[in-house]
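Enquirer: Below is one structure. I have some questions about it.
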Amino acid sequence: MKILITGGTGFVGTQLTSRLVDDNHEVTILTRQLKGAKEASPAVSYLEGDPTKKGPWQQAIKNHDAVINLAGASIFSKWTKKQKKTILESRVSTTQNIVEGIPSNSKKPFTLLSTSAVGYYGFCGDEELTEDSPPGDDFLANICKEWEAEALKAKDKGVRVVITRFGIVMGEKGGALNQLVPLFKRYVGGRIGSGKQWFSWVNIKDLAEAFAFLLKHPEISGPVNVCSPNPVRNKDLAKALGKALHKPSFMPAPGFIIKLVLGEFGSVILKGQRVIPRRLLDSGFVFQYADIDSTLQQSVGQQI
């Protein structure tokens, strides 16, 4: 297949591109600047364009069999009014522009794999959440609803749309561990707040495998949770990370400090959600890194 990826130069996009090339797919990465783009493989090419803006890049979509939409401003920051606007618009405008560029009722099958997040479900305590669970009503949940709604409009063009709701991505040299590992190395790592909140996560390698799996299974459409079948409580994550790094994990970050530093975004850290990848499991997908200990040993063991 010929696959166009937005957000393909980031942590997830780089890993995913490598996995898709292994399956003999041809990948085009949309990038704002061709200058400095690294040629990863003869099967990887680059296309200049800003996905948040209309442009000639939209015409290139018709030359592909699928689009993987990973683009969006990071949520890992204090949510000022300006930042909230950026987080929303970067996702919605990109998705609108992609859908606009997809040809209508093409003779060949076309797939849109569009990213969302487990934040869609809001905060539900200890309740297990699957793809059938209703959405929440906080800022992040409302963003996910609007983001997903724009992607689903591609169905009107005869497109197979898969909404991939990510857990927190864990992997070497990127994702959440880039923030956590330095704290533990400085002996200031530990639970956040009460530590009882659930943490839904996914190993970057399993995430890439899940996308490869979804491309091979055209019968799957709609929302798909891309997260480990074994979410953990925050205190257990801290304990496992300390064990992997051979560092103590007894220095808690009080909830009021998190709220003071991160504002509204602190709620995401302090509450979390317990999400299960029911559709992937029911479709026969097998996670290689299903438990937190194995994923942390694989991701940070070599950083000791």
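Everything in the sequence shown is counted per our numbering, starting at 0 for the first residue and increasing by one. All C-beta atoms in this analysis are idealised placements derived from N, C-alpha and C, irrespective of residue type, glycine included. Keep in mind that this is a model prediction, so the values were computed, not measured.
Under 8 Å, do Val274 and Ser199 count as touching if we go by C-beta distance?
Expert: Start at 1 with the first residue of the sequence shown, and residue 274 comes out as number 275. Start at 1 with the first residue of the sequence shown, and residue 199 comes out as number 200. Taking C-beta atoms as the reference points, Val274 and Ser199 count as a pair closer than 8 Å.
Enquirer: Which stretch, first to last residue, makes up the beta strand (DSSP E) that contains Val91?
Expert: For this step, residue 91 is matched to residue 92 along the sequence shown. Premise fails: Val91 lies in the alpha helix (DSSP H), Lys80 to Gly100, not in any beta strand (DSSP E).
Enquirer: Which parts of the region 33-71 are runs of the beta strand (DSSP E), unbroken and 3 residues or longer, counting only runs that do not cross its ends?
Expert: 43-47 and 65-68
Enquirer: Have a look at His24, Arg278, Lys77 and Lys81 and flag the residue whose alpha-carbon is nearest the alpha-carbon of Val66.
Expert: For the purposes of this step, residue 66 is taken as the residue at position 67 of the sequence shown. Per the Cα distances, His24.
Enquirer: Is Asp315 buried or exposed, if buried means 16 or more other CB atoms sit within 10 Å of its CB?
Expert: Because the chain here runs from 0 to 303, residue 315 falls outside it and cannot be looked at.
Enquirer: Buried or exposed: Leu33, going by 16 or more other Cβ atoms within 10 Å of its Cβ?
Expert: Taking the sequence shown and counting its residues from 1, the one referred to as residue 33 is at position 34. Its Cβ having fewer than 16 others within 10 Å, Leu33 is exposed.
Enquirer: Can you name the residues that DSSP bridges to Lys1?
Expert: By one-based count along the sequence shown, residue 1 stands at place 2. Paired residues: Glu25.
Enquirer: So what does Ala239 bridge to, in DSSP terms?
Expert: For the purposes of this step, residue 239 is taken as the residue at position 240 of the sequence shown. Paired residue(s): none; Ala239 is not in a bridge.
Enquirer: Identify, in the order they occur along the chain, each residue of the same chain with its Cβ nearer than 6 Å to the Cβ of Glu47, setting aside the five sequence neighbours on each side.
Expert: Within the sequence shown, the letter at position 48 stands for residue 47. Listed in chain order, the non-local C-beta contacts of Glu47 below 6 Å within the same chain comprise Leu33, local neighbours out to five positions each way being set aside.
Enquirer: Helix, strand or coil for Ile167 per DSSP?
Expert: Translated into positions along the sequence shown, residue 167 becomes position 168. In the displayed model, Ile167 falls within a strand according to three-state DSSP.
Enquirer: Give the DSSP-derived three-state secondary structure of Thr313 in the structure shown.
Expert: The first residue shown for the chain is 0 and the last is 303, placing residue 313 beyond what the model contains.
Enquirer: Determine, using beta carbons only, whether Thr129 comes closer than 8 Å to chain D.
Expert: Although the question refers to chain D, the structure presented lacks it and comprises just one protein chain.
Enquirer: Count Cβ pairs between the region 148-162 and the region 101-116 that sit closer than 8 Å; are there 3 or more?
Expert: yes
Enquirer: What did DSSP end up calling Gly118 once you bin it into helix, strand or coil?
Expert: Locating residue 118 in the sequence shown gives position 119, where the first residue counts as 1. In the three-state scheme derived from DSSP, where H, G and I count as helix and E and B as strand, Gly118 is classed as helix.
Enquirer: Would you identify the three-state DSSP class for Val231, choosing helix, strand or coil?
Expert: Counting from one through the sequence shown, the residue named residue 231 turns up at place 232. The answer is strand: DSSP assigns Val231 an E or B state.
Enquirer: Under the three-state reduction of DSSP, which class applies to Glu127: helix, strand or coil?
Expert: Translated into the one-based positions of the sequence shown, residue 127 becomes position 128. Residue state for Glu127 is assigned as strand, using DSSP reduced to three classes.
Enquirer: Can you tell me whether DSSP reads Val267 as helix, strand or coil?
Expert: By 1-based counting over the sequence shown, the position of residue 267 is 268. Residue state, collapsed to three classes: helix.
Enquirer: Closest to Asp64 by CA distance: which of Ile28, Ser40, Met0 and Val117 is it?
Expert: For the purposes of this step, residue 64 is taken as the residue at position 65 of the sequence shown. Of the candidates Ile28, Ser40, Met0 and Val117, the one whose C-alpha sits nearest the C-alpha of Asp64 is Met0.
Enquirer: Are at least three pairs of beta-carbons, each pair with one atom in the region 0-14 and one in the region 188-208, less than 8 Å apart?
Expert: yes
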